[in-house]
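Chemist: This is the structure I have questions about; it appears just below.
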Amino acid sequence: MSAHPRLPGALWQAGSDLRDAPQRWPVETSRRPYDGGFLQVREDDVRGPDGSVFTRVVVTHRGAVGVVALDDEDRVLLLRQYRHPPGMRLLEIPAGLLDVADEPAVDAAGRELAEEAGVVAHDWSPLLDLWSSPGMTDEHWQVFLARGLEAVAEAERVERVHEEADLDVVWVPLAEAVRAVLDRRLTDSMAAAGILAAAAVAPASLSPGR
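Just so you know, we're using our numbering here: the sequence shown kicks off at 20 and counts up by one.
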């Protein structure tokens, strides 16, 4: 690698691998001061490469899936849902925990789409892998692109509870959803990332008149 000509750091070389790499620094001791079932808090005393030991707090999480569902007119399915921690009614994509043992992530995504939005999809493809906030949690997201949509039969729909009992389903042209993200009107991180990624892989959706 060669150095940047004017700024700190090295220049990426064409042909070299551009991806995250696994690495684990040794943990001297570990404690669990909180276990709430939904998530746990772990305190790790980590030894760095220079030999120093420092404490890092980790919120452990089961992981989650999300769905960017596009209809035949490239409208994206969004959920308007109350979220208590920020005190906001956010525009989100269907999403949920990986909380069924051995369930493949794509099956969990299909289950969440059906339960939250009353929609099933026949065409699935991986869209994004994300760490939600890697400085403090191991929560990992897998986001899928879903097409070939149809409604779940009324008799097969599940009863929503808690925040989900009050959510609204809204279909938005993908181009308008992108504008909402870039204008800082749509701020849920999984939804924002998923919408921008969907626009990158389906650029025809952003053409005038769509």
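Even glycine gets a Cβ: it sits at the ideal position worked out from N, Cα and C.
So residue 207 and residue 101 are supposed to be a Cβ contact under 8 angstroms. How far apart are they, rounded?
Modeler: Here residue 207 corresponds to residue number 188 of the sequence shown, with the count starting at 1. Here residue 101 corresponds to residue number 82 of the sequence shown, with the count starting at 1. 12 angstroms between Cβ atoms; not a contact.
Chemist: Along the beta strand (DSSP E) that carries residue 144, what are the first and last residues, could you check?
Modeler: Taking the sequence shown and counting its residues from 1, one reaches residue 144 at position 125. Element bounds for residue 144: 138-150.
Chemist: Which residue's Cα is closest to the Cα of residue 77: 71, 50, 90 and 83?
Modeler: For the purposes of this step, residue 77 is taken as the residue at position 58 of the sequence shown. Answer by Cα proximity: 50.
Chemist: With a threshold of 7 angstroms on Cβ separation, who are the neighbours of residue 80 within its own chain once the five nearest residues in sequence on each side are excluded?
Modeler: In the sequence shown, counting from the first residue as 1, residue 80 sits at position 61. Once the five neighbours on either side are set aside, the close Cβ partners of residue 80 are 58, 156, 157 and 158.
Chemist: Over what stretch of residues does the beta strand (DSSP E) that includes residue 33 continue unbroken?
Modeler: On the sequence shown, residue 33 is found 14 positions in, with the first residue counted as 1. Here residue 33 belongs to no beta strand (DSSP E), and DSSP marks it neither H nor E.
Chemist: Within its chain, find whatever has a CB closer than 7 angstroms to the CB of residue 229; leave out the 5 residues flanking it on each side and keep chain order.
Modeler: Here residue 229 corresponds to residue number 210 of the sequence shown, with the count starting at 1. At residue 229 the pLDDT is 48, less than 50, meaning the model places this residue with poor confidence; the figure from the coordinates comes in the next sentence. If we look at residue 229 and ignore the five residues flanking it on each side, its Cβ neighbours are 93, 192 and 194.
Chemist: Taking the alpha-carbon positions, what's the residue 130 to residue 152 distance?
Modeler: Within the sequence shown, residue 130 is the residue found at index 111, counting from 1. Within the sequence shown, residue 152 is the residue found at index 133, counting from 1. Near 25 angstroms, if we compare the C-alpha coordinates of residue 152 and residue 130.
Chemist: What distance in whole Å lies between the Cβ atoms of residue 85 and residue 113, which are believed to be in contact at a cut-off of 8 angstroms?
Modeler: Counting from one through the sequence shown, the residue named residue 113 turns up at place 94. Counting from one through the sequence shown, the residue named residue 85 turns up at place 66. Yes, residue 113 and residue 85 are in contact; Cβ-Cβ is about 7 angstroms, under 8 angstroms.
Chemist: Leaving out five residues before and five after residue 133 in sequence, what residues of the same chain have Cβ atoms less than 7 angstroms from its Cβ?
Modeler: The count along the sequence shown starts at 1 and reaches residue 133 at position 114. So the list reads 139 and 171, once near-sequence residues are dropped.
Chemist: Pick helix, strand or coil for residue 94, following the three-state DSSP scheme.
Modeler: Residue numbering aside, residue 94 sits at position 75 when the sequence shown is read from its first letter. Note: residue 94 maps to strand in three-state DSSP.
Chemist: State the DSSP-derived secondary structure class of residue 202, mapped to helix, strand or coil.
Modeler: By one-based count along the sequence shown, residue 202 stands at place 183. Looking at residue 202 - three-state DSSP - the assignment turns out to be coil, as it is neither helix nor strand.
Chemist: Can you tell me the Cβ-Cβ gap for residue 89 and residue 217, rounded? I've got them flagged as a contact below 8 angstroms.
Modeler: Mapped onto the sequence shown, residue 89 falls at position 70. Mapped onto the sequence shown, residue 217 falls at position 198. Right, the Cβ-Cβ distance comes to about 7 angstroms (below 8 angstroms), so this counts as a contact.
Chemist: By the DSSP assignment, the alpha helix (DSSP H) with residue 107 in it spans what residues?
Modeler: Walking along the sequence shown from the start, residue 107 turns up at place 88. Run containing residue 107: none in the alpha helix (DSSP H); it sits in the beta strand (DSSP E), 107-111.
Chemist: What number of angstroms, rounded off, separates the C-alpha of residue 39 from the C-alpha of residue 147?
Modeler: As a first step, residue 39 must be located in the sequence shown, where it is residue number 20. As a first step, residue 147 must be located in the sequence shown, where it is residue number 128. Each residue's alpha carbon lies about 13 angstroms from the other.
Chemist: Work out the CA separation of residue 106 and residue 95 for me, nearest whole Å.
Modeler: For this step, residue 95 is matched to residue 76 along the sequence shown. For this step, residue 106 is matched to residue 87 along the sequence shown. Between residue 95 and residue 106, the C-alpha separation is close to 24 angstroms.
Chemist: Beta carbon of residue 45, beta carbon of residue 25: below 7 angstroms?
Modeler: Here residue 45 refers to the residue found at position 26 of the sequence shown. Here residue 25 refers to the residue found at position 6 of the sequence shown. No, the pair does not count as a contact, with Cβ atoms beyond the cut-off.
Chemist: Can you check whether the CB of residue 73 is closer than 7 angstroms to the CB of residue 128?
Modeler: In the sequence shown, residue 128 corresponds to position 109, counting from 1. In the sequence shown, residue 73 corresponds to position 54, counting from 1. Not in contact: residue 128 and residue 73 (Cβ atoms no closer than 7 angstroms).
Chemist: Under a Cβ-count criterion, where at least 16 other Cβ atoms within 10 Å of its own Cβ denotes burial, should residue 111 be classed as buried or exposed?
Modeler: As a first step, residue 111 is located in the sequence shown; it is residue number 92 there, counting from the start. The residue is buried, with at least 16 neighbouring Cβ atoms inside 10 Å.
Chemist: How many angstroms separate the CA atom of residue 43 from the CA atom of residue 190?
Modeler: Within the sequence shown, the letter at position 24 stands for residue 43. Within the sequence shown, the letter at position 171 stands for residue 190. Taking the straight line from one Cα to the other gives about 42 angstroms.
Chemist: Pick helix, strand or coil for residue 213, following the three-state DSSP scheme.
Modeler: In the sequence shown, the residue the question calls residue 213 occupies position 194. Residue state, collapsed to three classes: helix.
Chemist: For residue 136 and residue 165, I'd like the C-alpha separation in whole angstroms.
Modeler: Stepping through the sequence shown from its first residue, residue 136 is reached at position 117. Stepping through the sequence shown from its first residue, residue 165 is reached at position 146. About 13 angstroms.
Chemist: So who's on the other strand from residue 159, going by DSSP bridges?
Modeler: Counting from one through the sequence shown, the residue named residue 159 turns up at place 140. Looking at the DSSP assignment, residue 159 forms a beta bridge with 150.
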